[in-house]
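Just remember that the working numbering sits 372 ahead of the position in the sequence shown, which is counted from 1.
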Amino acid sequence: MAEPLSSEQLDDPVVLHMNPTEVTVRPEQSVAQALESVRKARPSKRIVYIYVVDDEGVLRGVVPTRALLVNDLDRSIAEIMDTRIVSVSDRATVMIACEQFLFHRYLAFPVVGERGELRGVIDVSLFTDEVFSIAEKQSGNDAFSLIGVHLARARSGNAWESFGDRFPWLLCNIGGGITAALLASAYESLLAAVVVLSLFIPVVLALAESVSIQSMSLTIQGFHEGEVQWKRVARDLLRELRTGTLLGVGSGALVGVVVWLWRGAPGVGFTVALSMTLSIITAALLGVIFPTIIHALRRDPKIAAGPIVLAVTDLATLMFYFNLAGALLRSA
373 MAEPLSSEQL DDPVVLHMNP TEVTVRPEQS VAQALESVRK ARPSKRIVYI YVVDDEGVLR
433 GVVPTRALLV NDLDRSIAEI MDTRIVSVSD RATVMIACEQ FLFHRYLAFP VVGERGELRG
493 VIDVSLFTDE VFSIAEKQSG NDAFSLIGVH LARARSGNAW ESFGDRFPWL LCNIGGGITA
553 ALLASAYESL LAAVVVLSLF IPVVLALAES VSIQSMSLTI QGFHEGEVQW KRVARDLLRE
613 LRTGTLLGVG SGALVGVVVW LWRGAPGVGF TVALSMTLSI ITAALLGVIF PTIIHALRRD
673 PKIAAGPIVL AVTDLATLMF YFNLAGALLR SA
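What follows is the structure in structure tokens.
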């Protein structure tokens with residue numbers, strides 16, 4: 373059994389502390405064949421989950437040992453395995469693995485490579501109470517950092533120190549807000565002509581900001597794994613483009629229909645729907661781009677990215693909203 377980890381090892385690569393996978397089974401095997409494989413392997417460590425891999429070693433599913441024992445011997449592994457796999461990347465740190473245990477409460481996680489191939493297993497017994505406590509505290513610090521707050525300084529009780537920590541990031545929001553007000557003033561005649569447009573500005577801004585924070589949180593979580601990996605960034609951008617499109621179309625269609633039915637103005641409803649869709653897609657991409665740039669510049673994206681992304685998201689959202697409204701309503 374490996375020695376429990378200490379708090380000094382939180383930044384270690386998880387591959388340094390994973391156990392080799394002593395037993396794997398195939399989807400086409402029967403329960404009886406899988407049990408025989410376990411007996412022949414004579415594993416030296418406890419087995420909580422049996423991992424199912426294909427011919428190339430790619431992880432395809434998980435079978436809890438209890439499921440293997442209680443199911444009929446002639447059933448196939450493919451029938452009883454769980455394909456909803458929660459795994460840890462082989463590029464992750466011990467901190468990331470610890471956060472996974474805190475969040476999912478599993479007893480072990482498979483460690484997988486870039487293609488999804490099974491490389492080993494990380495067991496909960498490696499983690500001491502001290503390590504879990506530090507990881508939980510770090511997760512809390514990350515959440516506060518996204519809005520420009522150092523948790524330790526905020527709790528210090530010194531009002532001036534807390535002011536000095538938080539006010540610079542409020543300046544970013546103030547600057548963004550003033551710029552947004554100036555931008556809105558340029559479209560004053562449009563808002564006066566179509567008052568309903570101004571009613572939905574808060575909704576459009578709130579949705580775009582929410583999506584940007586979600587995207588940014590997912591992106592920053594990946595930075596625990598070390599240096600910026602541009603292949604991963606490209607993958608994150610593609611993921612957020614797809615997700616942002618679905619979120620944008622869904623939210624835009626819903627709010628657009630509400631505008632149409634409430635105000636009897638299909639043109640305004642379409643304007644709100646389209647601008648909301650584009651704003652949410654842009655917000656999702658900004659949530660990846662800005663933290664990545666800041667991280668690549670060796671700055672802390674958890675502190676700097678939040679206020680910056682929100683300010684830029686607001687400006688981009690209003691640009692889409694007013695320009696689309698002007699163009700579509702003029703053509704109508």
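Here a beta-carbon is modelled for each residue, glycine too, at the ideal position from N, C-alpha and C.
| Query | Result |
| --- | --- |
| Label residue 612 either buried or exposed according to how many other C-beta atoms from any shown protein chain fall within 10 Å of its C-beta, with 16 as the threshold for buried. | buried |
| How should residue 478 be labelled, buried or exposed, when 16 other C-beta atoms within 10 angstroms of its C-beta is the threshold for buried? | exposed |
| Classify residue 471 as buried or exposed, calling it buried when 16 or more other Cβ atoms lie within 10 Å of its own Cβ. | buried |
| Out of curiosity, what's the CA-to-CA distance linking residue 700 and residue 432? | 49 Å |
| Quick one: what does DSSP say residue 520 is sitting in, helix, strand or coil? | Here residue 520 scores only 49 on pLDDT, less than 50, and its place in the model should not be relied on; the value that follows carries that caveat. If DSSP states are grouped into helix, strand and coil, residue 520 belongs with coil. |
| Report yes or no: do three or more beta-carbon pairs, one from the segment 625-638 and one from the segment 549-560, lie closer than 8 Å? | no |
| Return the CA-CA distance between residue 487 and residue 430, expressed in angstroms with no decimal places. | 7 Å |
| Measuring CA to CA, which of 466, 573 and 437 is closest to residue 453? | 437 |
| Name the residue from 439, 441 and 473 whose alpha carbon lies nearest to the alpha carbon of residue 459. | 473 |
| Quick check on residue 651: buried or exposed, where buried means 16 or more other Cβ atoms within 10 Å of its Cβ? | buried |
| Suppose the cutoff is 6 Å on Cβ atoms and the five residues either side in sequence are ignored; what does the same chain contact list for residue 413 look like? | 394 and 395 |
| According to DSSP, simplified to helix, strand and coil, what is residue 480? | strand |
| By a C-beta neighbour count over all protein chains shown, 10 Å radius and 16 as the cutoff for buried, is residue 620 buried or exposed? | buried |
| Pull up the distance between the alpha-carbon of residue 463 and that of residue 590, whole angstroms please. | 16 Å |
| Give me the Cα-Cα distance between residue 546 and residue 698, rounded to the nearest whole angstrom. | 26 Å |
| Looking at the unbroken alpha helix (DSSP H) that takes in residue 431, where does it start and where does it end? | It is not in any alpha helix (DSSP H) - residue 431 instead sits in the beta strand (DSSP E) that spans 431-436. |
| Would you mind reading off the limits of the beta strand (DSSP E) that contains residue 491? | 490-495 |
| For a minimum of 3 consecutive residues, which ranges assigned as the beta strand (DSSP E) are wholly contained in the segment 405-429? | 421-425 |
| Give me the Cα-Cα distance between residue 411 and residue 449, rounded to the nearest whole angstrom. | 16 Å |
| Check this for me: beta carbons of residue 580 and residue 655, under 8 Å apart or not? | yes |
| I need the straight-line Cα distance from residue 384 to residue 465, nearest angstrom please. | 5 Å |
| Assign residue 545 to one of three DSSP states: helix, strand, or coil. | helix |
| Go ahead and label residue 389 buried or exposed: buried means 16 or more other beta carbons lie within 10 angstroms of its beta carbon, across all protein chains shown. | buried |
| Which runs of the alpha helix (DSSP H) at least 4 residues long sit entirely within the segment 595-673? Give them in chain order. | 602-635 and 638-668 |
| What's the gap between the Cα of residue 660 and the Cα of residue 447? | 44 Å |
| Please state the DSSP three-state secondary structure of residue 570. | helix |
| If we call anything under 8 Å between Cβ atoms a contact, is residue 568 one with residue 631? | yes |
| Is the separation between the beta-carbon of residue 490 and that of residue 386 shorter than 8 Å? | no |
| Which residue wins for smallest C-alpha separation from residue 417, given the options 399, 467, 397 and 496? | 496 |
| Kindly indicate which three-state DSSP category residue 688 falls into: helix, strand or coil? | helix |
| From the DSSP output, read off the bridge partner residues of residue 454. | 434 |
| Give a yes or no on whether the C-beta atoms belonging to residue 583 and residue 693 are separated by under 8 Å. | no |
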